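Asks: One structure is given below, represented as structure tokens, and several questions about it will come after.
Chains as they are written, first to last, in the numbering used here: chain A, 1 to 442; chain B, 443 to 697.
As structure tokens, this is what we get:
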């Protein structure tokens with residue numbers, strides 16, 4: 001039986017409405033309200049299709065044709081399989097680790113020992129229960145409420161996520177690792193909602209790893225709120241199961257002189273999309289958005305960025321690298337907006353892409369929208385093959401053809417990793433890239 | 443000293459570009475170990491084509507003749523195998539490789555060559571010691587090693603980096619393609635010092651150059667004049683001096 005609602009419903013949204021009606025109760029009323037609003041919004045919009053500009057480079061028909069309903073709330077305590085999975089993928093030098101299995105916080109795999117006082121790190125569901133004051137305002141009043149069907153569906157269905165709340169002035173030198181694992185479900189969706197609030201002049205960073213087994217759709221939303229002078233870094237390493245669909249959304253607001261560094265690496269998964277939306281509200285912010293995708297077979301990936309400079313003096317630097325082999329298809333879409341009055345904004349965007357086979361393709365679409373007259377904005381975009389001159393140079397020194405290719409591609413991607421401040425973390429990420437390259441068939 | 447062994451034997455080599463233009467029209471040249479040869483000639487005479495064909499660059503067709511290197515058919519070997527067998531080409535225009543660290547690049551090359559010869563690979567410490575010994579000689583700062591291969595290097599730095607690679611790879615045959623071009627006099631002296639230091643009884647060096655100037659610092663045993671795709675004249679070091687005086691135009695048949 002279908003749930004009775006008083007708003008228009010797209011046919012593909014119907015199964016999700018039905019699943020919602022059967023969802024858990026016992027949550028606070030404010031959260032239930034928010035979930036219903038998200039559901040209504042999704043029901044009206046349905047899944048985005050290629051007529052919508054932000055979604056034109058990705059094929060989501062499979063999702064439309066076959067519903068992937070949210071995973072159940074009950075999670076078994078992690079067994080050996082999950083522990084092995086974690087050991088194979090985690091960053092060994094992480095000091096603090098928070099693990100989610102099938103979209104639910106797994107305290108038995110997490111460790112936050114030694115975190116300085118002034119930092120709250122916990123699961124979203126647990127935080128809603130124990131410290132609703134930390135999250136309610138953010139969930140009640142989302143910063144971005146435009147046409148975002150996946151975020152709307154996420155609002156309706158998120159079961160858990162991560163909350164990181166950093167008090168003003170607190171400095172954390174070592175990165176917090178957040179690992180999202182999927183234990184091998186078939187045809188379900190995992191909706192996670194995370195929130196990071198970085199207090200004034202605080203400094204911290206996170207490494208988020210997405211990995212798993214099975215066939216699933218992950219729908220992850222992360223919101224970052226950086227107060228004045230806060231410095232925050234986030235790395236998203238996406239190494240999902242070969243048959244997985246990954247939709248990631250990063251929403252950030254920067255206060256005066258806040259500094260954000262975001263790096264996204266899309267390495268594994270059938271279809272991957274990451275969208276970063278940054279609103280630079282304070283003056284003199286620094287926003288660094290980097291990323292790369294490495295694709296082969298029939299993989300598809302889409303990196304989308306939108307940086308909105310609403311205040312003067314901000315700086316944006318973007319470096320995105322795309323690599324596609326086989327029959328893969330990648331795309332980069334990067335928009336930078338400078339509002340009227342946002343003078344002295346300095347923004348540069350670079351999108352460089354390597355297409356390694358005649359059947360692979362990469363699209364790149366820079367968009368600068370400038371409404372102030374005293375700004376410095378530029379972009380560069382290129383799609384090409386490996387540099388034959390460089391290949392010959394390397395071979396002329398005795399390096400074999402295959403090794404030379406790998407080194408060139410690795411070097412090409414490495415430039416995107418440059419803003420990662422921690423040397424061991426950078427090396428870890430490079431080793432994941434190198435590992436992926438050994439599997440990049442023609 | 444034992445009789446010099448033949449390192450390179452070029453026999454009636456004809457080379458065409460893919461578009462059919464013939465660039466080399468019957469080169470004969472024999473180079474023995476311990477020797478330094480200079481190949482001189484005007485622009486367009488085929489000097490760089492000869493270097494490229496010997497190193498194994500694609501895009502050329504050998505229509506006649508052949509090349510024997512250390513008793514083997516050089517032209518049958520892929521470029522990387524030639525290098526592993528001890529052939530080195532110093533590029534006229536060293537290639538920039540963004541994102542690939544100079545040290546990592548060189549160590550990968552050395553170890554690829556050592557594996558080929560059945561020798562153990564160098565570990566990071568051994569490699570670094572070998573590097574430091576050469577750096578001083580070529581007046582190269584250690585910072586150059588931490589940068590991406592040739593990226594942002596000045597013209598002189600690129601050429602010194604080539605000679606540094608040659609010193610590290612210890613080739614049997616080094617071909618220097620216009621290594622002197624674009625160098626000021628101080629850089630030229632440093633490069634020449636590096637080349638002279640590499641002269642050895644079991645090694646041969648072929649310098650390809652337009653001008654006599656490098657030859658004032660690295661004295662060749664033999665000088666050849668390449669013109670119109672052929673070697674039109676050969677002689678000892680005095681030929682280079684004579685060429686400088688009278689120019690290429692007065693020699694034999696112009697191309």
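Glycine included, every Cβ here is placed at the ideal spot set by N, Cα and C.
No experiment lies behind these values; they were computed from the predicted model shown.
Between residue 408 of chain A and chain B, is the shortest Cβ-Cβ distance under 8 Å, so that the two count as touching?
Replies: True, the Cβ-Cβ gap to chain B drops below 8 Å.
Asks: Does DSSP put residue 216 of chain A in a helix, in a strand, or in coil?
Replies: Here residue 216 of chain A sits in strand by DSSP.
Asks: Straight-line CA distance for residue 697 of chain B to residue 614 of chain B?
Replies: Since pLDDT at residue 697 of chain B reaches only 38, below the 50 mark, its modelled position is unreliable, and no value is offered.
Asks: Just to confirm my understanding: we take residue 695 of chain B, look at its own chain, exclude 5 residues before and 5 after, and list those with CB closer than 6 Å. What are they?
Replies: Confidence is the limiting factor: at residue 695 of chain B the pLDDT is only 44, short of 50, which leaves the residue's position unreliable and the question unanswerable from this model.
Asks: Closest to residue 494 of chain B by C-alpha separation, out of B/535, B/560 and B/507, would be which residue?
Replies: Residue 494 of chain B has its Cα closest to that of B/535, out of B/535, B/560 and B/507.
Asks: Measuring only the C-alpha atoms, how far is residue 379 of chain A from residue 372 of chain A?
Replies: So the two alpha carbons sit approximately 17 Å from each other.
Asks: In the structure shown, what three-state DSSP assignment does residue 243 of chain A receive?
Replies: Reduced to three states, the DSSP call for residue 243 of chain A is coil.
Asks: Using only CA atoms, which one of B/518, B/616 and B/558 lies nearest to residue 503 of chain B?
Replies: The candidate whose alpha carbon is nearest that of residue 503 of chain B is B/518.
Asks: In angstroms with no decimal places, state the Cα-to-Cα distance between residue 555 of chain B and residue 501 of chain B.
Replies: So the two alpha carbons sit approximately 25 Å from each other.
Asks: By alpha-carbon positions, which one of A/382, A/342 and A/362 ends up nearest to residue 375 of chain A?
Replies: When only C-alpha atoms are compared, the closest one is A/342.
Asks: Going along chain A in order, which residues have a C-beta closer than 7 Å to the C-beta of residue 499 of chain B?
Replies: Within 7 Å Cβ-Cβ: 392.
Asks: Can you check whether the C-beta of residue 396 of chain A is within less than 8 Å of a C-beta belonging to chain B?
Replies: At least one chain B Cβ lies under 8 Å of residue 396 of chain A.
Asks: Which residues bound the beta strand (DSSP E) around residue 149 of chain A?
Replies: Careful: residue 149 of chain A lies outside any beta strand (DSSP E), inside the alpha helix (DSSP H) at 149-157.
Asks: When the cut-off is 8 Å and only beta carbons count, does residue 442 of chain A lie next to chain B?
Replies: Confidence in residue 442 of chain A is poor, its pLDDT being 48 and thus under 50, which makes the residue's placement unreliable; the coordinate value appears in the next sentence. Taking Cβ atoms only, chain B never reaches closer than 8 Å to residue 442 of chain A, which makes this a no.
Asks: Counting only Cβ-Cβ distances shorter than 9 Å, please list the residues of the segment 538-550 of chain B near chain A, keeping chain order.
Replies: Those would be 538, 539, 540, 541, 542, 543, 546, 547, 548 and 550, in chain order.
Asks: For residue 266 of chain A, I'd like the list of residues in its chain whose CB is within less than 6 Å of its CB, leaving aside the five on either flank, ordered along the chain.
Replies: Around residue 266 of chain A: 238, 272, 293 and 301.
Asks: Which of the three DSSP states is assigned to residue 89 of chain A in this structure?
Replies: Residue state, collapsed to three classes: helix.
Asks: Examine chain B for any beta-carbon lying closer than 8 Å to the beta-carbon of residue 34 of chain A, and answer yes or no.
Replies: With 8 Å as the cut-off, residue 34 of chain A does not count as an interface residue toward chain B.
Asks: Kindly give me the distance between the Cβ atoms of residue 91 of chain A and residue 425 of chain A, rounded to whole angstroms, as I take these residues to be in contact under 8 Å.
Replies: Between residue 425 of chain A and residue 91 of chain A the Cβ distance is about 7 Å, and since that is below 8 Å, they are a contact.
Asks: Within the continuous beta strand (DSSP E) that includes residue 542 of chain B, where are the two ends?
Replies: Segment 539-543, the beta strand (DSSP E) holding residue 542 of chain B.
Asks: Would residue 694 of chain B pass as an interface residue toward chain A - the criterion being a Cβ-Cβ separation below 8 Å?
Replies: Any answer about residue 694 of chain B is weak, because its pLDDT of 47 lies below 50 and its placement is not dependable; what the coordinates show is given next. Closer than 8 Å: no.
Asks: Can you list, in chain order, the residues of its chain whose CB lies under 6 Å from that of residue 487 of chain B, leaving out five sequence neighbours each side?
Replies: Cβ neighbours of residue 487 of chain B beyond the five flanking positions: 668 and 669.
Asks: Count the other C-beta atoms from every protein chain shown that fall within 10 angstroms of the C-beta of residue 409 of chain A, then say buried if there are 16 or more, exposed otherwise.
Replies: Buried.
Asks: Have a look at residue 13 of chain A and residue 28 of chain A and give me their C-alpha separation to the nearest angstrom.
Replies: One C-alpha to the other measures close to 25 Å.
Asks: So the beta strand (DSSP E) residue 596 of chain B belongs to, where does it begin and stop?
Replies: Note, residue 596 of chain B: premise wrong, no beta strand (DSSP E); not H, not E.
Asks: Using a threshold of 8 Å, state whether the C-beta atoms of residue 105 of chain A and residue 69 of chain A are closer than that.
Replies: No. Outside cutoff.
Asks: What's the gap between the Cα of residue 448 of chain B and the Cα of residue 675 of chain B?
Replies: Cα-Cα distance, rounded: 21 Å.
Asks: Looking at C-alpha atoms only, which residue of A/138, A/259 and A/189 is the closest neighbour of residue 244 of chain A?
Replies: Considering only alpha carbons, the answer is A/189.
Asks: Classify residue 351 of chain A as helix, strand or coil using the three-state DSSP reduction.
Replies: If DSSP states are grouped into helix, strand and coil, residue 351 of chain A belongs with the strands.
Asks: For residue 547 of chain B, count the other beta carbons within 10 Å of its own beta carbon; 16 or more makes it buried, fewer makes it exposed. Which is it?
Replies: Residue 547 of chain B comes out buried.
Asks: Within 8 Å, do at least three Cβ pairs link the segment 630-643 of chain B to the segment 577-595 of chain B?
Replies: Judged by Cβ distances under 8 Å, the segment 577-595 of chain B makes contact with the segment 630-643 of chain B, as three or more pairs qualify.
Asks: Check the Cβ-Cβ distances between residue 589 of chain B and every residue of chain A, and say whether any is below 8 Å.
Replies: Cβ-Cβ to chain A under 8 Å: no for residue 589 of chain B.
Asks: Assign residue 514 of chain B to buried or exposed, taking buried as 16 or more other Cβ atoms, counted over all protein chains shown, within 10 Å of its Cβ.
Replies: By the neighbour-count rule (16 or more Cβ atoms within 10 Å), residue 514 of chain B is not buried but exposed.
Asks: Check the Cβ of residue 554 of chain B against every Cβ in chain A and list those closer than 9 Å, keeping chain order.
Replies: By Cβ distance, chain A contributes 397, 398, 399, 400 and 403.
Asks: Residue 478 of chain B and residue 496 of chain B look like a contact to me (Cβ under 8 Å); what is the Cβ gap, rounded to whole Å?
Replies: Not quite, the Cβ-Cβ distance comes to about 16 Å (not below 8 Å), so this is no contact.
Asks: Please list the partners that residue 415 of chain A has in chain B, where partner means a Cβ-to-Cβ separation under 7 Å.
Replies: Those within 7 Å of residue 415 of chain A in chain B are 540 and 541.
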